[in-house]
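Novice: Before I ask anything, let me first share the structure, which is written out below as structure tokens.
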Amino acid sequence: MSEILNFAALIEKAMNKVLVIGALGQLGSELTLALRELHGKENVIASDLKQPEGKIAEGPFELLNAMDRQRLYEIAEKHNITQVYHLAAILSAKGESDPKLAWQLNMESLIHVLDLAKDKKLDKVYWPSSIAVFGPSTPRVDTPQNTVMDPNTVYGISKLAGERWCEYYHQKYGVDVRSLRYPGLIGYKAKPGGGTTDYAVDIFYKALEEGSYECFLSEDTYLPMMYMDDAVKATIDLMETDGDKIKVRSSYNVSAISFSPVEIANQIKSQMPDFEITYNPDFRQKIADSWPDSIDDSQARSDWGWKPSFDLKAMTEDILQGLPELLKK
Ligand code: NAD
Ligand code: SER
Numbered sequence: 006m007s008e009i010l011n012f013a014a015l016i017e018k019a020m021n022k023v024l025v026i027g028a029l030g031q032l033g034s035e036l037t038l039a040l041r042e043l044h045g046k047e048n049v050i051a052s053d054l055k056q057p058e059g060k061i062a063e064g065p066f067e068l069l070n071a072m073d074r075q076r077l078y079e080i081a082e083k084h085n086i087t088q089v090y091h092l093a094a095i096l097s098a099k100g101e102s103d104p105k106l107a108w109q110l111n112m113e114s115l116i117h118v119l120d121l122a123k124d125k126k127l128d129k130v131y132w133p134s135s136i137a138v139f140g141p142s143t144p145r146v147d148t149p150q151n152t153v154m155d156p157n158t159v160y161g162i163s164k165l166a167g168e169r170w171c172e173y174y175h176q177k178y179g180v181d182v183r184s185l186r187y188p189g190l191i192g193y194k195a196k197p198g199g200g201t202t203d204y205a206v207d208i209f210y211k212a213l214e215e216g217s218y219e220c221f222l223s224e225d226t227y228l229p230m231m232y233m234d235d236a237v238k239a240t241i242d243l244m245e246t247d248g249d250k251i252k253v254r255s256s257y258n259v260s261a262i263s264f265s266p267v268e269i270a271n272q273i274k275s276q277m278p279d280f281e282i283t284y285n286p287d288f289r290q291k292i293a294d295s296w297p298d299s300i301d302d303s304q305a306r307s308d309w310g311w312k313p314s315f316d317l318k319a320m321t322e323d324i325l326q327g328l329p330e331l332l333k334k
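Right, here's the structure in full:
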């Protein structure tokens with residue numbers, strides 16, 4: 006009998022127990038479900054500031070303020086957590102309305118997670134960075150992995166500092182932390198939380214609900230973007246790759262599509278000929294103008310085989326097929 010119990014304990018130990026922090030946001034609400042497919046529903050604990058609804062509520066959940074270090078440690082202990090995906094953050098546009106709060110959340114919570122990984126010897130940590138680490142002096146086209154970085158939003162400054170902390174904890178304490186510099190993420194299953202690239206999600210809601218959209222960026226503003234399915238795949242691929250293949254411990258450039266508002270509008274028009282777009286740039290234009298047009302992700306491709314699946318056309322078709330169903334609910 007005791008042999009059976011020991012065997013069960015060994016199996017339990019061998020299993021990944023994953024904590025997702027900020028699981029109810031635009032990325033977390035899709036990534037958490039994908040992680041539950043991979044590791045088993047009971048092995049992926051979602052957490053956020055608010056109570057979950059819908060599919061995420063069907064699995065384990067904990068209320069957690071990512072700045073509450075003690076509660077983070079308690080939850081990790083309670084569930085025998087072996088991996089953390091730390092997604093909670095205040096994004097670029099929202100961060101500018103309260104820069105100190107954005108810095109506090111984005112930095113303090115990351116340090117808590119890295120300390121947890123060090124103290125409790127977690128197997129792996131995932132923390133996303135962003136194209137916001139780049140700035141006005143960065144080369145705009147095919148921005149290299151290693152280049153000038155002079156971010157001018159508090160969000161970008163916090164992501165750049167976070168990248169340095171990740172590399173530091175890896176080099177100094179051996180923490181297996183992995184990261185991607187996401188471009189603008191476009192998904193339709195959850196609304197975005199205050200980024201500069203959010204227009205490329207809003208445009209689909211407004212196209213279907215009102216037939217027109219007023220864009221807060223100018224028509225020719227190119228930005229690197231990625232469909233959510235590709236972002237989830239990139240994240241899981243990176244986390245499931247053997248550690249010795251991960252050569253970048255700050256954060257990997259990853260890219261998929263680059264387009265401007267007029268190009269996505271034209272793609273929507275090809276399926277909804279009556280759709281109309283107007284332009285009324287606001288403070289977010291300056292943020293967008295400080296970011297790259299396109300990203301060189303050759304290192305991610307060669308180190309762990311990254312390759313996106315969705316181009317602008319495929320993404321638009323997928324959203325215009327799936328979103329109407331969601332809007333009926
Ligand atoms: P989001 O704003 O949609 O979601 C963030 C989630 O974190 C929300 O559910 C929110 O309730 C939660 N949260 C906020 N404060 C919290 C706190 N103190 N404690 C716990 N939870 C808290 O953001 P997202 O778009 O899902 O982004 C997820 C991560 O990916 C972030 O780190 C972001 O910087 C990064 N990222 C996103 C994009 C993008 O285009 N969405 C691009 C680059 C990087
Ligand atoms: N999409 C994000 C934003 O606009 C970039 O990290 O803030």
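If you count the sequence shown from 1, position 317 lands on 322 in the numbering used here, and the numbers rise without skipping.
For glycine and all other residues, C-beta sits at the position ideal for the given N, C-alpha and C.
1. Among the residues of its own chain, which have a CB less than 8 Å from the CB of Ile269, if the five just before and after it don't count?
2. Report the three-state DSSP secondary structure of Pro266 (helix, strand or coil).
3. Are Leu96 and Gly198 touching if we call contact CB-CB under 9 Å?
4. By the three-class DSSP mapping on this structure, what secondary structure does Arg186 have?
5. With DSSP as the reference, please indicate the residues paired to Tyr131 in a beta bridge.
6. Give the straight-line distance between the Cα atoms of Arg74 and Tyr284, rounded to the nearest whole angstrom.
7. Any heavy atom of the ligand SER closer than 8 Å to the Cβ of Gly248?
8. Tell me, please, whether the region 143-160 touches the region 114-133 by the rule of three or more beta-carbon pairs shorter than 8 Å.
9. Note down, in chain order, each residue of its chain lying with its Cβ closer than 8 Å to the Cβ of Lys250, except the 5 sequence neighbours on either side.
10. Less than 9 Å separating the beta-carbons of Val49 and Pro297?
11. Counting only the same chain and skipping the five closest in sequence on each side, list residues whose C-beta sits under 6 Å from that of Ser336.
12. Spell out the partners DSSP gives Ser52 in its beta bridges.
13. Using CA coordinates, which residue listed in Ala293, Val130 and Ile300 is at the minimum distance from Cys220?
14. Alpha carbon to alpha carbon, what distance is there between Tyr178 and Asp323?
15. For Leu222, does the count of other Cβ atoms within 10 angstroms reach 16, so buried, or fall short, so exposed?
16. Could you have a look at Ser102 and say whether DSSP puts it in helix, strand or coil?
17. What span of residues does the alpha helix (DSSP H) with Ile2 cover, start to end?
18. On the premise that Tyr218 lies in contact with Leu331, defined as a C-beta separation below 8 Å, what is that separation, rounded to the nearest angstrom?
19. Suppose the cutoff is 7 Å on Cβ atoms and the five residues either side in sequence are ignored; what does the same chain contact list for Pro149 look like?
20. Check the DSSP bridge columns for Glu281 and list the partner residues they point to.
21. Should Gly200 go down as buried or exposed, given a rule of 16 or more other Cβ atoms within 10 Å for buried?
Specialist: In terms of the structure at hand:
1. Ala205, Ile208, Leu317 and Thr321
2. helix
3. Yes; because the gap between Cβ atoms is below 9 Å, this pair is in contact.
4. strand
5. Tyr90 and Arg183
6. 43 Å
7. no
8. no
9. Asp308 and Trp309
10. no
11. Lying before the first or after the last residue shown, residue 336 is absent from the chain, which here runs from 6 to 334.
12. Ile26 and Glu67
13. Ala293
14. Their backbone Cα atoms lie some 43 Å apart in a straight line.
15. buried
16. coil
17. Because the chain here runs from 6 to 334, residue 2 falls outside it and cannot be looked at.
18. For a cut-off of 8 Å, the C-beta gap from Leu331 to Tyr218 is around 18 Å, too long to register as a contact.
19. Around Pro149: Asp301.
20. Ser217
21. buried
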